[in-house]
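Trainee: Start counting the sequence shown at 43; every next residue gets the next number (our numbering). Ideal Cβ placement from N, Cα and C applies to all residues, glycine included.
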Amino acid sequence: MGRKAAIAKAREGESFRLLARYNQDEFIKDNIDSLLERAGRYFEEAIQEDDSYAWAWSHWGATLSYRGGTLKRLNDQKFEYYQQADEKFDQALQQNPNYAWALAHRGENNTWWAIAERPRNDQQKVKILLSNAKTYLDKAIDLDPNYTWAFARRGSVYRFLGHLKGEDGTPEQPNYDEAIKDFSRAIELNNKYAWAIAFRAAIHRQKARALEINGNQAGALEQWKLTYLDLEKSLKTYLNVFKRPIVLDIGEVFLPPSASFLAANLSQPTLTANLNLSPSEMYAKLAQRVYEEGYDKVNPEEINQVLTAIAEEWARVD
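1. Let me confirm a value: Asn174 is counted as buried when at least 16 other C-beta atoms fall within 10 Å, else exposed. Which label applies?
2. What's the call for Ile222, buried or exposed, on a 16-neighbour Cβ count within 10 Å?
3. Could you pull the start and end residues of the alpha helix (DSSP H) that Tyr141 belongs to?
4. Could you give the first and the last residue of the continuous alpha helix (DSSP H) run that contains Arg162?
5. By the DSSP assignment, the alpha helix (DSSP H) with Gly204 in it spans what residues?
6. Is Leu113 helix, strand or coil when you go by DSSP?
7. Quick one: which unbroken beta strand (DSSP E) runs of 3-plus residues sit fully inside the stretch 168-256? Chain order, please.
8. Where does the unbroken alpha helix (DSSP H) through Tyr84 begin, and where does it stop?
9. Below 8 Å on the Cβ atoms is my contact criterion, and I expect Ala96 with Tyr141 to pass it. Report the Cβ-Cβ distance as a whole number of Å.
10. With distances taken from CA atoms, which of Thr112, Tyr178 and Glu230 is nearest Asn188?
11. Count the other C-beta atoms from every protein chain shown that fall within 10 angstroms of the C-beta of Thr269, then say buried if there are 16 or more, exposed otherwise.
12. Is it buried or exposed, Lys234, if we count other Cβ atoms within 10 angstroms and call 16 or more buried?
13. What's the C-alpha gap between Ala134 and Pro216?
14. Mind reading off the beta-carbon distance from Asp92 to Gly44? Whole number of angstroms is fine, and I expect it under 8 Å.
15. Please state if the CB of Trp237 and the CB of Ala182 are separated by a distance shorter than 8 Å.
16. Classify Gly261 as helix, strand or coil using the three-state DSSP reduction.
17. Using only CA atoms, which one of Leu206, Asn138 and Leu77 lies nearest to Leu185?
18. Under 6 Å Cβ to Cβ from Asn152, same chain only, skipping five residues before and after it: list those, please.
19. Using only alpha-carbon positions, find the residue among Ala192, Glu54 and Gln166 that is nearest to Tyr178.
20. Please work out which residues of its chain come closer than 7 Å, Cβ to Cβ, to Lys249, disregarding the five sequence neighbours upstream and downstream, and give them in chain order.
21. Could you check what DSSP says for Gly55 in three-state terms: helix, strand or coil?
22. Would Leu206 pass as a contact of Gln259 if the rule is Cβ separation under 8 Å?
23. Closest to Phe131 by C-alpha separation, out of Val199, Asp118, Arg160 and Arg148, would be which residue?
24. I'd like the list of long-range same chain contacts for Phe85, defined as Cβ closer than 7 Å, with 5 residues on each side in sequence excluded.
25. To the nearest angstrom, how far is it from the Cα of Leu60 to the Cα of Arg247?
26. So Thr190 packs on Asn163, CB below 8 Å; how close in whole Å?
27. Could you tell me the alpha carbon to alpha carbon distance between Ile245 and Asn256, rounded to whole angstroms?
28. Assign Ser107 to one of two classes, buried (16 or more other C-beta atoms within 10 Å of its C-beta) or exposed (fewer than that).
29. Helix, strand or coil: how does DSSP classify Thr312 here?
30. DSSP on Ser107, reduced to helix/strand/coil?
31. Give me, in chain order, the residues of the same chain whose beta-carbon lies closer than 6 Å to that of Gly110; leave out the 5 immediate sequence neighbours on both sides.
32. For the candidate residues Gly204, Tyr64, Glu129 and Pro161, whose alpha-carbon lies nearest to that of Asn117?
33. Is Ala81 closer than 8 Å to Ala50 when the C-beta atoms are compared?
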């Protein structure tokens, strides 16, 4: 009984949590939810042995957050999992307020909770969740200035904060530069971090679109070049990163520049002219299907074929 028994239970829970993540990363669909359910039971048993065990509280929270992420949008259970996860992280932080891992993962949970809330059109709730996420990640980074994972997650918070609108209904000031700075710091700490490289590409693309709309062709062109470079690097670093549901959600990053932009920059290499047949468009459609129907509805071979075509497509861009 006590801490020793709690540690044994928590380790069992963590083994199931990590196995579920491995299965998803490798596109193995078998039993992900049942693995997470078993992980949660072990963490709960660990807490029954020792309710001051911050590590067990925080990893139980991460398990619940992950379960929420596996469900389709607007599924009520999804929001319940995010709420329960936040409560578990809060318990962990009551035991250890300077627990950087718990702070960072609470920040991530709030981020994905906010994204799940967006279709409900409650801008205020989304804004509060994202602001809380940033606060938790800020503190985690203050505690550990070399916390690579936390920098990448804060970068994604900045990305989504840029999607919000102010009280007057106009878009808020985009956070492109802050997001790029955080992703760049994460990549500086780990130059093989394909997830961070892929999301930095998404930010460069968003910034390119904004500059293009504002008539800054030179600035947009520079951002498109950075997009291409990051996509090429991330594809070469770890192709499987693009099979994960969270990354599939940024499928629009693969869409090429607009036809008008390409026409204004004819000296630059372009992608497939027919966007309906381009690998980029195909990937974006796959991303939409994953978002709307669920990860298990997509044929792994279909994704492999599209990713291979994308790698060839981007290789033609200087």
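Mentor: The relevant details are as follows:
1. buried
2. When all chains shown are included, Ile222 counts as buried.
3. Taken as a continuous stretch (DSSP letters only), Tyr141 belongs to no alpha helix (DSSP H), as it is neither H nor E.
4. No alpha helix (DSSP H) contains Arg162, which DSSP labels as neither H nor E.
5. No alpha helix (DSSP H) holds Gly204; DSSP gives it neither H nor E.
6. coil
7. none
8. Ile74 to Glu91
9. 6 Å
10. Glu230
11. buried
12. exposed
13. Each residue's Cα considered, the two are about 33 Å apart.
14. 6 Å
15. When the beta-carbon positions are compared, Ala182 and Trp237 stay at least 8 Å from each other.
16. Three-state result, Gly261: helix.
17. Per the Cα distances, Asn138.
18. Leu171, Asn174 and Ala175
19. Ala192
20. Tyr218 and Gln265
21. helix
22. The answer is no: Cβ separation not under 8 Å.
23. Cα-wise, what sits closest to Phe131 is Arg148.
24. Ala52, Gly55, Ala98, His101, Trp102 and Thr105
25. Near 32 Å, if we compare the C-alpha coordinates of Arg247 and Leu60.
26. That pair is no contact at about 34 Å.
27. 17 Å
28. buried
29. Its pLDDT being 42, under 50, Thr312 is placed unreliably by the model, and nothing is read from it.
30. helix
31. Around Gly110: Lys120, Tyr123 and Tyr124.
32. Pro161
33. no
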